[in-house]
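Notes for the one structure printed next.
What follows is the structure, given as structure tokens:
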């Protein structure tokens, strides 16, 4: 093993050398990733086409005039939502939601419990995600240049979102709220190395999120991510509070907030680091309205509505009744949303094909049809939101390379 | 990449990027090339995030992706921009704080990429032969022979008589 000793001794001095600073930033890396996904899709369709992807700077514009409202022919179809029915819907009609001319792809990410509002984003050719709001099917383009990572809405039409934006010469991740035609940036703990994710909004307007910070650890020479939940209470605008973090290692992520203030989420183990073999772990958490937090069965709770929470586990999707503590395994393999009746929106798989679907928790799954001219694809068609009466659903449909689009289903 | 996975990716990359960049710098010896390799690796991790999140050891997975990005970018573009010579050039000390071991670093940069990857993975990342073999998709025997070839090349580039800095 002469080589080993010689090699080690010869090369080790390089470890003591300082590393010059990198020119990369997380925002740029994420956009490149998105652009590559898009480029791969285009290449899949047009073969050897050359894709030119330009980067443009981001700037956060705080309320510049009224939002742009684009009325559409389809608006009429959404004007009359049928009255609530006790039984689950049996059939749904899909409609492509209107999007701006420049949109390369679009998605519905959330909707309010009444089904009136849907929110999502449209991606530009450069890979930026711009926020969109649909009011009974009429598109409202929210005039901000922040590059979204999540967006939510409640039945008062209050929109909350988080995303990357240039501010004071730095790329920052900020959270904002859009209410009565005006944007307001939400206060945040303030560290420069902070990432904010908005996760939910309830009917009284409390906004839920998490913030990530990267703490430099001198001993390991690495950044260690820390994550904690944040609530911006509707009752005290301009302030935030932190739900109590449970003790123990890992990051704490909040995923959903119910109307009474109950929050669901998870405590997640960080990825293993050099020299340590560390198992990743995840425990589901529930914060009661009084602020106490407890661990519950399962590894993560991803959404909550009126006492129903959902959990995507390795073995499948579970629906949990927070009032009784009972949980039930559903037939869907992947879920994103739940309504006041415990009906769960997500994705159904047939072989490698992924289809938007709803699981009513009764053993019945309703596959949702795709708009005319679209065929099922292997990637990312799903239901993102389901109204309390089950009559309006929003989601994403993809039928091939670069065809992801925002869709609304009207059901009866 | 599902949109709802992106926060996970950002979280992972924000924490992993300094480490990946450091590893890329050890492989490349050049900050711009290290940026290229790190960017490429991060993009590959984005595109294949489903596999990363299902991986037993995401850090090991990301390291493999980084090394592959290094070997591929070397083949794709970097070689067309770098003139390789048999001599170790005299390097001006333009950036004194990074110049202490420049002779060694420049010599390492002249070692063929695959041999260099083996040397860096074994002696700087401190990985066992079997793991290096797995990353490079070759046999353990091949790793050992590449180690020997790499060290011979490095010795030759440093001028035959290599003095080790005993205490370091």
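Protein chains in written order, with our numbering: chain Z, 6 to 417; chain B, 297 to 464.
In this text, a Cβ means the ideal position worked out from N, Cα and C, and glycines have one as well.
Computed from a prediction, not measured in an experiment: that's the story for all the values here.
Three-state secondary structure (DSSP) of residue i
| i | result |
| --- | --- |
| residue 328 of chain B | helix |
| residue 302 of chain B | helix |
| residue 434 of chain B | coil |
| residue 178 of chain Z | strand |
| residue 10 of chain Z | helix |
| residue 143 of chain Z | strand |
| residue 440 of chain B | helix |
| residue 37 of chain Z | helix |
| residue 306 of chain Z | coil |
| residue 313 of chain B | helix |
| residue 419 of chain B | helix |
| residue 99 of chain Z | strand |
| residue 166 of chain Z | strand |
| residue 300 of chain Z | strand |
| residue 281 of chain Z | Any answer about residue 281 of chain Z is weak, because its pLDDT of 49 lies below 50 and its placement is not dependable; what the coordinates show is given next. Correct three-state label for residue 281 of chain Z: coil. |
| residue 336 of chain B | helix |
| residue 445 of chain B | helix |
| residue 358 of chain Z | strand |
| residue 344 of chain Z | coil |
| residue 326 of chain Z | strand |
| residue 411 of chain Z | strand |
| residue 336 of chain Z | coil |
| residue 193 of chain Z | coil |
| residue 400 of chain B | helix |
| residue 317 of chain Z | strand |
| residue 260 of chain Z | strand |
| residue 372 of chain Z | strand |
| residue 240 of chain Z | coil |
| residue 64 of chain Z | In this prediction, residue 64 of chain Z scores a pLDDT of 36, lower than 50, which makes its location untrustworthy; the coordinate-derived value is nonetheless stated afterwards. Residue state, collapsed to three classes: coil. |
| residue 351 of chain B | coil |
| residue 391 of chain B | Since pLDDT at residue 391 of chain B reaches only 45, below the 50 mark, its modelled position is unreliable, and the value read off the structure follows with that caveat. If DSSP states are grouped into helix, strand and coil, residue 391 of chain B belongs with coil. |
Proximity to residue i [Cα-Cα], best of the options
| i | options | result |
| --- | --- | --- |
| residue 269 of chain Z | Z:318, Z:244, Z:313 | Z:313 |
| residue 246 of chain Z | Z:237, Z:163, Z:355, Z:254 | Z:237 |
| residue 170 of chain Z | Z:164, Z:178, Z:138 | Z:178 |
| residue 242 of chain Z | Z:142, Z:112, Z:190 | Z:190 |
| residue 366 of chain B | B:432, B:436, B:448 | B:432 |
| residue 408 of chain Z | Z:390, Z:381, Z:335, Z:342 | Z:381 |
| residue 316 of chain B | B:343, B:303, B:360, B:444 | B:360 |
| residue 357 of chain Z | Z:244, Z:386, Z:376, Z:106 | Z:386 |
| residue 166 of chain Z | Z:41, Z:195, Z:135, Z:244 | Z:135 |
| residue 449 of chain B | B:298, B:434, B:411 | B:411 |
| residue 306 of chain B | Z:95, Z:148, Z:202 | Z:202 |
| residue 142 of chain Z | Z:335, Z:308, Z:120, Z:19 | Z:120 |
| residue 211 of chain Z | Z:234, Z:217, Z:200, Z:195 | Z:234 |
| residue 145 of chain Z | Z:186, Z:151, Z:343 | Z:186 |
| residue 137 of chain Z | Z:131, Z:153, Z:130 | Z:153 |
| residue 209 of chain Z | Z:265, Z:215, Z:260, Z:251 | Z:265 |
| residue 347 of chain Z | Z:92, Z:23, Z:16 | Z:92 |
| residue 206 of chain Z | Z:260, Z:248, Z:11, Z:292 | Z:260 |
Straight-line Cα distance separating residue j from residue i
| i | j | result |
| --- | --- | --- |
| residue 438 of chain B | residue 429 of chain B | 8 Å |
| residue 327 of chain Z | residue 193 of chain Z | 30 Å |
| residue 108 of chain Z | residue 128 of chain Z | 6 Å |
| residue 414 of chain Z | residue 365 of chain Z | 16 Å |
| residue 416 of chain Z | residue 311 of chain B | 44 Å |
| residue 318 of chain Z | residue 305 of chain Z | 7 Å |
| residue 262 of chain Z | residue 117 of chain Z | 13 Å |
| residue 380 of chain B | residue 39 of chain Z | Its pLDDT being 43, under 50, residue 380 of chain B is placed unreliably by the model, and the measurement read from it follows with that caveat. One C-alpha to the other measures close to 35 Å. |
| residue 232 of chain Z | residue 258 of chain Z | 6 Å |
| residue 321 of chain Z | residue 184 of chain Z | 37 Å |
| residue 426 of chain B | residue 413 of chain B | 14 Å |
| residue 99 of chain Z | residue 349 of chain B | 32 Å |
| residue 351 of chain Z | residue 329 of chain B | 42 Å |
| residue 280 of chain Z | residue 319 of chain B | For residue 280 of chain Z, the predicted model reports a pLDDT of 48, less than 50, meaning its position is unreliable; a value from the coordinates is still stated below. Cα to Cα, the separation comes out at about 15 Å. |
| residue 346 of chain B | residue 342 of chain Z | 21 Å |
| residue 114 of chain Z | residue 415 of chain B | 47 Å |
| residue 375 of chain Z | residue 392 of chain Z | 19 Å |
| residue 373 of chain Z | residue 344 of chain B | 28 Å |
| residue 33 of chain Z | residue 362 of chain B | 17 Å |
| residue 355 of chain B | residue 340 of chain B | 14 Å |
| residue 314 of chain B | residue 97 of chain Z | 48 Å |
| residue 26 of chain Z | residue 410 of chain Z | 40 Å |
| residue 125 of chain Z | residue 156 of chain Z | 6 Å |
| residue 369 of chain B | residue 335 of chain B | 11 Å |
| residue 297 of chain Z | residue 271 of chain Z | 14 Å |
Legend entry - Meets three-Cβ-pair contact criterion under 8 Å: the region 157-168 of chain Z and the region 318-326 of chain B: Because the criterion of three Cβ pairs below 8 Å is not met, the region 157-168 of chain Z and the region 318-326 of chain B do not touch.
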